[in-house]
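Everything on this sheet refers to the single structure shown next.
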Amino acid sequence: MYTQSMDTDPETRNPVAKVSAVGRPEEQRFQATVDAEGKIEPRDWMPEAYRKTLLRQISQHAHSEIIGMFPEGNWISRAPSLKRKAILIAKVQDEAGHGLYLYSAAETLGQSRDEMMAALHSGRAKYSSIFNYPTLTWADVGMIGWLVDGAAIMNQIPLCRCSYGPYARAMIRVCKEESFHQRQGFDIMLSLSKGTADQKAMAQESLDRWWWPVLAMFGPPDADSVHSGQSAQWKIKRVSNDELRQKFIDATVPQAELLGLRIPDEKLKWNTQTGHYDFGPIDWDDFWRVVNGEGPCNKERLAARVKAYEEGQWVRDAAMAYAVKRKARQHKEAA
Amino acid sequence: MSEDEKQGGTGGRRPLVQEWPLWEVFIRSKQGLDHKHCGSLHATDAKQAIQMARDVYTRRNEGVSIWVVPSNAITASDPGEREAFVDPMADKIFRHPTFYELPDEVKHM
Ligand SMILES: [Fe+2]
Ligand SMILES: [Fe+2]
Numbered sequence: 003m004y005t006q007s008m009d010t011d012p013e014t015r016n017p018v019a020k021v022s023a024v025g026r027p028e029e030q031r032f033q034a035t036v037d038a039e040g041k042i043e044p045r046d047w048m049p050e051a052y053r054k055t056l057l058r059q060i061s062q063h064a065h066s067e068i069i070g071m072f073p074e075g076n077w078i079s080r081a082p083s084l085k086r087k088a089i090l091i092a093k094v095q096d097e098a099g100h101g102l103y104l105y106s107a108a109e110t111l112g113q114s115r116d117e118m119m120a121a122l123h124s125g126r127a128k129y130s131s132i133f134n135y136p137t138l139t140w141a142d143v144g145m146i147g148w149l150v151d152g153a154a155i156m157n158q159i160p161l162c163r164c165s166y167g168p169y170a171r172a173m174i175r176v177c178k179e180e181s182f183h184q185r186q187g188f189d190i191m192l193s194l195s196k197g198t199a200d201q202k203a204m205a206q207e208s209l210d211r212w213w214w215p216v217l218a219m220f221g222p223p224d225a226d227s228v229h230s231g232q233s234a235q236w237k238i239k240r241v242s243n244d245e246l247r248q249k250f251i252d253a254t255v256p257q258a259e260l261l262g263l264r265i266p267d268e269k270l271k272w273n274t275q276t277g278h279y280d281f282g283p284i285d286w287d288d289f290w291r292v293v294n295g296e297g298p299c300n301k302e303r304l305a306a307r308v309k310a311y312e313e314g315q316w317v318r319d320a321a322m323a324y325a326v327k328r329k330a331r332q333h334k335e336a337a
Numbered sequence: 014m015s016e017d018e019k020q021g022g023t024g025g026r027r028p029l030v031q032e033w034p035l036w037e038v039f040i041r042s043k044q045g046l047d048h049k050h051c052g053s054l055h056a057t058d059a060k061q062a063i064q065m066a067r068d069v070y071t072r073r074n075e076g077v078s079i080w081v082v083p084s085n086a087i088t089a090s091d092p093g094e095r096e097a098f099v100d101p102m103a104d105k106i107f108r109h110p111t112f113y114e115l116p117d118e119v120k121h122m
């Protein structure tokens with residue numbers, strides 16, 4: 003994962019200026035390229051609002067990958083077997099990689115890595131709300147893979163066709179790796195659900211906590227999403243929050259049944275008319291509370307990230323100093 | 014976006030040191046194929062850039078060979094002049110074999 007609806011940035015919840023239909027020739031050329039499913043590359047002309055929207059979305063996405071390592075990283079030393087430990091290390095390493103692909107794509111839009119890091123560390127930048135929930139049990143690690151990565155896949159597949167070339171290419175790479183993430187999570191859930199009564203109860207308790215926050219990951223309902231029109235016109239966001247959420251529920255309910263787990267929604271019911279599951283109301287107040295910094299782990303996640311960054315500073319400084327020194331020595335030897 | 018971001022600042026918090034230089038990464042996925050650009054990364058020097066490129070871009074045997082190039086060493090054509098740049102090639106259709114009509118008697122050429 004994990005990009006979230008861009009509307010989660012309260013600072014920018016006012017609509018982006020519309021691209022006027024009778025804009026300048028370069029604006030028309032830009033929109034014609036996008037309309038024809040062409041790609042926009044870093045040095046091509048683009049509207050300033052398009053650049054800013056992408057920069058915000060891609061950097062938020064990158065931050066989410068990085069912060070997303072913390073809830074799972076907590077369990078690496080406590081994984082129940084060597085096999086699970088090796089798998090979890092590989093999975094968390096992938097998430098670091100996803101963050102790097104995305105920072106690299108965001109940098110092509112003209113913001114430096116240091117600036118993005120500073121925005122994250124100061125709390126100014128957002129990341130996916132889901133990582134502000136705690137991982138209390140081993141089942142939560144399975145739940146993150148199965149549901150959180152599962153939701154991420156739903157969200158990211160349409161982004162592979164995003165109009166901005168570097169973002170689309172990064173997403174293709176990410177999507178290739180995500181299916182391992184979801185399967186390893188499901189595999190953990192499968193073991194627990196086939197296990198002892200205690201293990202099964204642990205799996206159920208975990209699903210009870212994660213189900214609603216995962217549904218909220220897709221972002222606010224379409225009716226409240228002020229950016230989606232513009233983002234659709236630019237072919238950044240191709241599928242709406244509500245459509246993605248519905249698709250996720252339809253795909254996930256049968257998997258939960260297979261696991262023998264009960265989804266904590268009294269209103270969840272197959273609707274023969276629509277061919278989709280009906281589901282109960284999502285607590286958006288809770289979502290906004292978490293997005294705005296009041297979730298159970300917001301402070302802990304950010305503090306862990308800043309601590310890791312600051313404690314690594316001397317390593318980065320030493321590596322740079324070593325490289326400079328070695329280069330100077332090579333020059334001297336060549337002279 | 015906040016005021017200082019607009020100005021390209023970092024909210025008053027200047028980074029402690031300058032970030033590591035940026036490198037572009039090219040990967041040959043298989044012997045016999047060209048190296049292909051796959052992204053960029055920050056590293057102190059070329060040796061470290063190669064090691065990091067291996068970890069970032071080839072965790073699943075995506076490559077048998079890696080090139081790294083300092084990003085600032087790349088000179089690119091101007092996208093604003095793409096049409097004028099590509100145009101001169103467009104009218105030389107005789108460069109393509111399909112331009113030439115062969116007599117039916119010639120089966121393969
Ligand atoms: Fe990821
Ligand atoms: Fe993932």
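Chains as they are written, first to last, in the working numbering: chain A, 3 to 337; chain B, 14 to 122.
Using N, Cα and C, we set each Cβ at its ideal position, and we do this for glycine too.
**Unbroken alpha helix (DSSP H) run spanning N300/A, endpoints** = 300–313
**Message:** Please identify the residue among T198/A, N157/A, R163/A, W148/A whose C-alpha is closest to the C-alpha of F182/A.
**Reply:** W148/A
**CB contact check: A330/A to chain B, cutoff 9 angstroms** = no
**Asked** What in chain B is Cβ-close to L102/A, meaning under 7 angstroms?
**Response** L54, V69
**Prompt:** Among the residues of its own chain, which have a CB less than 6 angstroms from the CB of N16/A, if the five just before and after it don't count?
**Reply:** Because N16/A carries a pLDDT of 41, less than 50, the predicted location of this residue cannot be relied on, and no value is offered for it.
**Asked** Identify the residues that DSSP records as bridge partners of H55/B: which are they?
**Response** L35/B
**Message:** Counting only C-beta atoms, is M3/A closer than 9 angstroms to chain B at any point?
**Reply:** Its pLDDT being 45, under 50, M3/A is placed unreliably by the model, and the measurement read from it follows with that caveat. Not an interface residue.
**Request:** Give a yes or no on contact between the segment 171–187 of chain A and the segment 85–100 of chain A, applying the rule of three or more CB pairs nearer than 8 angstroms.
**Result:** yes
**Message:** Looking only at its chain, what residues have a beta carbon closer than 7 angstroms to the beta carbon of D285/A, apart from the 5 residues adjacent to it on each side?
**Reply:** W214
**Prompt:** Going by the beta-carbon positions, is the gap between W135/B and L54/B smaller than 9 angstroms?
**Reply:** Residue numbering for chain B in the displayed model covers 14 to 122; residue 135/B lies beyond these limits and cannot be assessed.
**Request:** With DSSP as the reference, label A320/A as helix, strand or coil.
**Result:** helix
**Request:** Return the residue from the list T110/A, H63/A, H65/A that minimises the CA-CA distance to N85/B.
**Result:** T110/A
**Prompt:** Quick one, which of Y166/A, V317/A, E245/A, A337/A has its alpha-carbon nearest D280/A's?
**Reply:** E245/A
**Prompt:** With distances taken from CA atoms, which of I251/A, L261/A, T276/A is nearest D267/A?
**Reply:** I251/A
**Asked** E74/A: beta carbon under 8 angstroms from a heavy atom of ligand 1?
**Response** no
**Host beta strand (DSSP E) of K271/A (start-end)** = 271–273
**Residue-level contact to chain E via CB, D58/B, 9 angstroms cutoff** = Absence of chain E from the displayed structure is noted, the protein chains being A and B.
**Element boundaries [beta strand (DSSP E), containing W80/B]** = 78–83
**Asked** Assuming K202/A and L209/A make a contact with CB atoms under 8 angstroms, what is their CB distance in whole Å?
**Response** Between L209/A and K202/A the Cβ distance is about 11 angstroms, and since that is not below 8 angstroms, they are no contact.
**Asked** How about D91/B: is its C-beta nearer than 9 angstroms to some C-beta of chain A?
**Response** yes
**Request:** Using three-state DSSP, classify Y70/B as helix, strand or coil.
**Result:** helix
**Request:** Check whether the Cβ of P28/B lies closer than 9 angstroms to any Cβ atom in chain A.
**Result:** In this prediction, P28/B scores a pLDDT of 46, lower than 50, which makes its location untrustworthy; no coordinate-derived value is stated.
**Message:** Using beta carbons (cut-off 9 angstroms, strictly below), is R9/B in contact with chain A?
**Reply:** For chain B, the structure presents residues 14 to 122; residue 9/B sits outside this window and is missing.
**Prompt:** Q44/B and V77/B: beta carbons closer than 9 angstroms?
**Reply:** yes
**Request:** Using only alpha-carbon positions, find the residue among M122/B, S42/B, T57/B that is nearest to V82/B.
**Result:** T57/B
**Message:** Check whether the segment 168–176 of chain A and the segment 123–135 of chain A are in contact - that is, three or more C-beta pairs closer than 8 angstroms.
**Reply:** no
**Asked** Which word fits S233/A, buried or exposed, when buried means at least 16 other C-beta atoms lie within 10 angstroms of its C-beta?
**Response** buried
**Message:** Between G25/A, N76/A, D116/A, which has its C-alpha nearest P34/B's C-alpha?
**Reply:** D116/A
**Asked** Taking the runs of the alpha helix (DSSP H) that are 4 residues or longer, which of them lie wholly in the segment 232–275 of chain A?
**Response** 243–261
**Request:** Please decide whether E32/B counts as near chain A, where near means a Cβ-Cβ distance under 9 angstroms.
**Result:** yes
**Prompt:** Does the segment 293–305 of chain A touch the segment 59–66 of chain A, meaning 3 or more C-beta pairs lie closer than 8 angstroms?
**Reply:** no
**Message:** Strictly below 7 angstroms CB to CB, what residues from chain A border R108/B?
**Reply:** Within 7 angstroms Cβ-Cβ: nothing; R108/B doesn't reach chain A, min ~25 angstroms.
**Asked** What is the DSSP secondary structure of D151/A, counted as helix, strand or coil?
**Response** helix
**Prompt:** With distances taken from CA atoms, which of M122/B, S42/B, E118/B is nearest P110/B?
**Reply:** M122/B
**Message:** Quick test of your reading: F220/A and N157/A, contact by CB under 8 angstroms. State the CB separation rounded to the nearest angstrom.
**Reply:** 7 angstroms
**Message:** So, with DSSP's three-state summary, where would you put R26/A?
**Reply:** coil
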